[in-house]
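Here's the structure, in structure tokens; my notes come after.
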Amino acid sequence: MEFGFQNRILRVNLSTGDIAVESPGAAFFRKYVGGRALVSYYLYNELAPGVDPLGPENKLIFAGGVLTGTPFIGGGRNSVGAKSPLTGAYGDSESGGYFGAELRRAGYDALIIEGQSSKPVYISIIDDKVEIKDASHLWGKLTGDVQKAIQAENEQPRMRVAQIGVAGENLVKYACITNDLAHFYGRSGMGAVMGSKRLRAVAVKGSRPPKIAQPEKLQEINKFMAENWPVMAASLHEHGTTAIVMALNAAGGLPTRNFQEGFFAGAENISAQRLKETILQGGEGCFACPIRCKRVVKSAGEVDIDPIYGGPEYETLAALGSNCGVDDLLMVSKGNELCNSMGLDTISTGVSISFAMECFEKGYLSAEEIGYDLPFGDGPGMVRMIGQIARREGFGAVLAEGARAASHKLGEATYDLAMEVKGQEIPMHEPRLKAALGVGYAVSPTGADHCHNLHDTAYAQEGAGLDSMRPLGMTGPLPADELSTAKARMLVATTTWRYFANCAEFCQFVPWTPTQLVEAVGAATGWNFSMLELSDVARRAMTLPRLFNLREGLTAKDDYLKPRFFEKLTEGPLAGVALDREAFDRTQADYYEIMGWDKEGRPLPGTLKALGLEWTLE
Amino acid sequence: MTVGVRIFGGLQRFTRGVAELTLDMNPGATAWDVVIRLGIPDNEVWFAAVGGVRVPREHLLKDHDRVDIFAPVGGG
Ligand code: SF4
């Protein structure tokens, strides 16, 4: 095979030191195209049920997709997957940045890391030269220092580095992997898996990008976005994801004080506008993307914030801000910098701390147990706890296990205060505003997730976005708070699309349409790719993690949403609004049926056969 | 009466880049009258808020109200 793929999968075993390259061939890549589809294929095939996520049998897979490292706009995206230590289920996380593109440009579609090293190491990849190197001198250091050291000792100032921080070394269950210091594979605790292998970093430099079958065609598709993004993505360019703080608050759906409310009086203080007026330095971006939506913040004096670690995204402004009741932008940004430099997922960190804050205020947790008072709104307390979590110090060691595990430690009365699904903390989107998003949280194989999900508010009215989804089965706008069979169909359509983004690998913020993606994959590979093939690739990537989880013993009972969302909000524009339990259950049942699963959420044989997954029936 | 208006989330493309302005409105004007006055197409707007809180389209404005206009949001 010549185009789109390198047809090379790199396998590195850290127990034995073995390094090998394999070539699965064109038929494989056409079915799986990369990213999540590839990750779930290998994890389903190669992990025995019940393996310890932090043991040598777990495998950590970095995978690009057919578009990663090509000039396609938004093609810097890539995935990391493994069995998750946070959920005990299938784990996966995506990131932008430059590392994934560099890995593909070094000649590899994916990197599978096996085994466990006896001492700290890092993997250095310069095209065909792959080495396992000592990392004892890097252990315990901040990510900024480690990146500099690796680039210097390899004499490669532009080497791209994916690495864990101190939190990953300490096996914090929601430790992330960072690349290029300011881009994050945040979710699923992939950093803890990497830490368990004593792998501090993977550094890569490449000089042989994947070949494109029809470069002019791809250029022509890109031309559309190059000309139109300044209008289509104007807000994203100007404010990044932070732009939505004010809108969600005004709508009553800004997670506040551990999801107790959806309206935060201090929202203006953590808004995009305030960021811009105060500590914002500018924008940064990813490989092959002109939008540059990433924030960079800097502060010196009262609070020092190092700009090399970027700046807060919306998720972070809400997770460490409104969700912890903190309206001090400096404290939120400091918390963000600490998470980034020590390798913690800001969403899970924020929701674990907000859990502790609620427990403290309700008397389930004392100042003696924590070491200090930790009420909502305590910015310095929040920042202090972040450091303790990363270092597993004091009460930080309890929160380092995640909100679910912490609630099990504190007792039954606190179970419902842990805002998680399958053990993964809930991101900063409120199901009482976006109803089917709640169903999406429940059924997600990785636990609560907002990326492979439906944001109901985006399709509540006619428009270009909705029109672009019609080829995948979206038929018309539906109210954001509706739960119905039609809404379940909409949830399947959008998650299909978003899974495809995580397989072919392109950024979901770049306003591409499914029709354009069919053309782009065709141009990259030379295949006559169709919308049905696009959908099948995504459905495979939705189905294999489900099979993986069923094999691990998860059942339909693990597809839940916490009781809080079925209780009425009491403040803000959504005061009096709650999810309707019966409608929710019906919509979830509809989702199973539309996906071709039985009542227990098990994919039916016919579903597997239609997707070419009959081999899983054996 | 005068109302302060802020325009969010890319809708500034309909106001030649202006993000904040003051409008003179007739007594009896509604939140949606501001959207119409600014010439922002109906289906581009998610909702209007007064004083930072979502209001219905027909919400009656008062002198010195602050009206925020938002585009639909997806993920983040
Ligand atoms: S839109 Fe933002 S996140 Fe997406 S590729 Fe561009 S800069 Fe990266």
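Those sequence lines, one after another, are chains U and X.
Note that our numbering has the first sequence beginning at 215, numbered continuously upward.
Note that our numbering has the second sequence beginning at -3, numbered continuously upward.
From the three backbone atoms N, C-alpha and C, an ideal C-beta is built for every residue, glycine too.
* LYS347/U, enclosing beta strand (DSSP E) - first and last residue -> Here the beta strand (DSSP E) through LYS347/U covers 343 to 348.
* Asked: What is the DSSP secondary structure of GLU814/U, counted as helix, strand or coil?
  -> GLU814/U falls in the coil class under three-state DSSP.
* Determine, using beta-carbon pairs with one atom in the stretch 455 to 474 of chain U and one in the stretch 757 to 775 of chain U, whether at least three such pairs fall under 8 Å. => Contact fails: fewer than three Cβ-Cβ distances are below 8 Å.
* Among MET408/U, CYS507/U and ALA479/U, nearest to THR455/U - alpha-carbon criterion -> Distance check between THR455/U and each of MET408/U, CYS507/U and ALA479/U places CYS507/U closest, using alpha-carbon atoms only.
* Measuring only between beta-carbons, confirm whether VAL49/X sits less than 9 Å from chain U. => Yes, VAL49/X lies at the interface with chain U (some Cβ there is under 9 Å from its Cβ).
* Under 9 Å between C-beta atoms of VAL791/U and ASP670/U -> Going by C-beta atoms, VAL791/U is not nearer than 9 Å to ASP670/U.
* To do: Name, going along the chain, the residues of the stretch 664 to 680 of chain U whose beta-carbon falls closer than 7 Å to a beta-carbon of chain X.
  => Within the stretch 664 to 680 of chain U, the residues whose Cβ lies closer than 7 Å to some Cβ of chain X are HIS664, CYS665, HIS669, THR671, ALA672, ALA674, GLN675, GLU676 and GLY677, listed in chain order.
* Decide if VAL445/U is buried, meaning its Cβ has at least 16 other Cβ atoms within 10 Å, or exposed. => Counting the other CB atoms within 10 Å of its CB gives VAL445/U a total below 16, which places it among the exposed residues.
* Looking at the unbroken beta strand (DSSP E) that takes in ASP799/U, where does it start and where does it end? -> Looking at the DSSP string, ASP799/U is not in any beta strand (DSSP E); the run it does join, the alpha helix (DSSP H), is 795 to 809.
* **Rounded separation between TRP741/U and LYS411/U - CA only** => Rounded to the nearest angstrom, the two C-alpha atoms are 38 Å apart.
* **Opening and closing residue of the alpha helix (DSSP H) in which VAL416/U lies** => VAL416/U -> not in any alpha helix (DSSP H); beta strand (DSSP E) instead, spanning 413 to 419.
* Since ILE287/U meets chain X, which of its residues come closer than 7 Å, beta carbon to beta carbon? -> Listed along the chain, the chain X residues whose CB falls inside 7 Å of the CB of ILE287/U amount to none; the nearest CB is some 18 Å away.
* To do: Give the secondary structure of GLU766/U by DSSP, where H, G and I count as helix, E and B as strand, and everything else as coil.
  => In this structure, GLU766/U counts as coil in the three-state DSSP scheme.
* Measuring only between beta-carbons, confirm whether MET809/U sits less than 9 Å from chain X. => MET809/U is outside the set of residues whose beta carbon lies under 9 Å from a beta carbon in chain X.
* Asked: Who pairs with ASP64/X in a beta bridge, going by DSSP?
  -> Under DSSP, ASP64/X shares a beta bridge with ARG2/X and ALA45/X.
* **CB contact below 9 Å: LEU462/U versus chain B** => Absence of chain B from the displayed structure is noted, the protein chains being U and X.
* **Under 9 Å between C-beta atoms of LEU317/U and THR282/U** => In this structure, LEU317/U lies near THR282/U, with their beta-carbon atoms less than 9 Å apart.
* Can you give, in chain order, each stretch of the beta strand (DSSP E) that sits fully within the stretch 405 to 469 of chain U and has at least 3 residues? -> Here the runs fully enclosed are 413 to 419.
* Asked: What number of angstroms, rounded off, separates the C-alpha of ALA789/U from the C-alpha of LYS782/U?
  -> Cα-Cα distance, rounded: 7 Å.
* Looking at C-beta atoms only, is the number of pairs between the stretch 362 to 371 of chain U and the stretch 247 to 261 of chain U that lie closer than 8 Å three or more? -> The stretch 362 to 371 of chain U, when compared against the stretch 247 to 261 of chain U, does not touch it at the 8 Å Cβ threshold.
* Asked: Alpha carbon to alpha carbon, how far is ALA662/U from GLU634/U?
  -> Across the structure, ALA662/U and GLU634/U are spaced so that their CA atoms are roughly 7 Å apart.
* Asked: Is it true that the CB of ILE340/U sits closer than 9 Å to the CB of LYS425/U?
  -> Inclusion of LYS425/U and ILE340/U in the CB contact set at 9 Å is not warranted, their separation being larger than that value.
* Asked: In the DSSP assignment, what residue or residues form a beta bridge with GLN487/U?
  -> In the DSSP assignment, GLN487/U is bridged to no other residue.
* **Minimum C-alpha distance to ALA241/U - residue among LEU300/U, ALA656/U, MET215/U and TRP829/U** => The shortest C-alpha separation from ALA241/U is found at MET215/U.
* CB THR689/U to CB ALA700/U, shorter than 9 Å? -> Yes; because the gap between Cβ atoms is below 9 Å, this pair is in contact.
* Let me know if ILE32/X comes out buried or exposed under the rule of 16 or more other beta-carbons within 10 Å of its beta-carbon. => Flag for ILE32/X reads exposed.
* Mapping DSSP to helix, strand and coil, what is HIS397/U? -> HIS397/U: strand per DSSP, three-state reduction.
* Are the CB atoms of THR729/U and ALA427/U nearer to each other than 9 Å? -> Annotated as distal: THR729/U and ALA427/U, with beta-carbon spacing of 9 Å or more.
* **VAL724/U classed as buried or exposed, judged by whether at least 16 other C-beta atoms fall within 10 angstroms** => VAL724/U should be labelled buried.
* What are the boundary residues of the beta strand (DSSP E) that includes TYR304/U? -> That run of the beta strand (DSSP E) goes 304 to 309.
* To do: Measuring only between beta-carbons, confirm whether TRP42/X sits less than 9 Å from chain U.
  => Interface residue, yes.
* Run down chain X in chain order and give the residues with a C-beta less than 9 Å from the C-beta of GLY466/U. => By Cβ distance, chain X contributes VAL49 and ARG50.
* Asked: What are the start and end residues of the alpha helix (DSSP H) that includes ALA381/U?
  -> In the DSSP annotation of this structure, the continuous segment of the alpha helix (DSSP H) that includes ALA381/U starts and ends at 380 to 383.
* May I ask whether a heavy atom of ligand 1 can be found less than 8 Å away from the beta carbon of GLY314/U? => Because no heavy atom of ligand 1 lies under 8 Å away, the Cβ of GLY314/U does not count as near it: no.
* **beta strand (DSSP E) runs wholly inside the stretch 246 to 278 of chain U, at least 3 long, in chain order** => For secondary structure counted as the beta strand (DSSP E) over 3 or more consecutive residues, the stretch 246 to 278 of chain U holds these complete runs in sequence order: 274 to 277.
* Positions along the stretch 22 to 35 of chain X whose CB lies within less than 8 Å of some CB in chain U -> Answer in chain order: no residues at all.
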